[in-house]
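See below for the structure under consideration.
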Amino acid sequence: MLRPCPPRIGFSFGLAVAGLWMMFGYFLAGALLSGSWEAAAAGIVFNAFQAGTSLAGAGALLAALRAALRGAAPRRRPSGN
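Numbering (my numbering), first residue to last: 1 to 81.
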């Protein structure tokens, strides 16, 4: 039986898979549009850079958003009186 992974690992893994999927899609589209697999392969490095910077940016934004939401949350529950 599979165990669920911690949320941070799952999020990072999901971003990595999404980056690889993006790179595959760009490669396939480039090959179909240019008619050359070699021309499409030339863009793999740039697509990997784009995926990596997107992953880093999303991680930084997620950390900032979590910190902001933690600070905006009420410290204790209202008593309801």
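Just so it is clear, CB atoms sit at the ideal spot from N, CA and C, and this is done for glycine as well.
When secondary structure is reduced to three states using DSSP, residue 34 falls in the helix class. Judged by DSSP in its simplified three-state form, residue 43 adopts coil rather than helix or strand. Annotation: residue 58 to residue 48 spans about 15 Å, alpha carbon to alpha carbon. With the rule of 3 Cβ pairs closer than 8 Å, the segment 34 to 49 does not count as touching the segment 61 to 73.
In the displayed model, residue 3 falls within coil according to three-state DSSP, outside both helix and strand.
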